[in-house]
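The working numbering puts the last residue of the sequence shown at 199; the count rises by one with no breaks. Worksheet: one structure, shown below.
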Amino acid sequence: MRFCVNCRARVEGSSCPNCGTPADAVAPKSYRARRFDQEGLGGLTDEEASALCYFGWFLTGLLFTYLEPYKSSKKVRFHAMQSILLSAFWVLVVFSIGLVTPLRHREAAFWIVQLLTMAIWLGMMWSAWRGKDPVLPVLGPMAEKHT
């Protein structure tokens with residue numbers, strides 16, 4: 053059973069009964085399967101690898117720093133280093149809140165920091181996946197220097 057590459061209707065003859073597209077037409081580029089050897093390990097593009105650098109906090113940052121096809125990409129190395137630095141900064145902020153904040157306000161402060169951190173983290177993942185290179189104010193230049 054074949055389906056039309058244009059309208060996804062069932063094709064039994066030499067052309068689609070719905071839109072008239074030839075049955076042997078080539079699917080648009082976005083529908084074609086990617087070959088794994090084209091773009092590195094697992095077939096990830098630089099944008100996908102950059103977004104995954106933020107997925108597991110500093111662990112995936114370290115992983116992509118040492119994985120062979122991605123350690124040669126400056127873009128992926130930048131996002132990996134920025135992920136590592138952002139994780140270290142988060143640990144420092146949480147530790148500081150634990151030391152400085154009075155006990156009755158500590159839980160609220162932790163929740164606020166957690167929500168802000170998750171918003172920043174998701175924003176970084178989204179921007180990296182879309183092909184943009186977001187640079188955090190202090191951590192970004194440090195990450196650029198270390199890549």
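Even glycine gets a Cβ: it sits at the ideal position worked out from N, Cα and C. Bear in mind the structure is a predicted one, so any value in this text is a computation, not a measurement.
If you draw a straight line from the Cα of E159 to the Cα of A195, it is about 31 Å long. Inter-residue distance for G150 and W163 is about 12 Å (C-alpha atoms, whole angstroms). Contact between M177 and Y122 fails: their C-beta atoms lie close to 16 Å from each other, not under 8 Å. Taken atom to atom, the span from the alpha-carbon of R62 to that of F55 is near 5 Å.
When beta bridges are read from the DSSP output, S67 appears opposite P74. By the neighbour-count criterion, in which 16 or more other beta carbons inside 10 Å mark a residue as buried, H157 falls on the exposed side.
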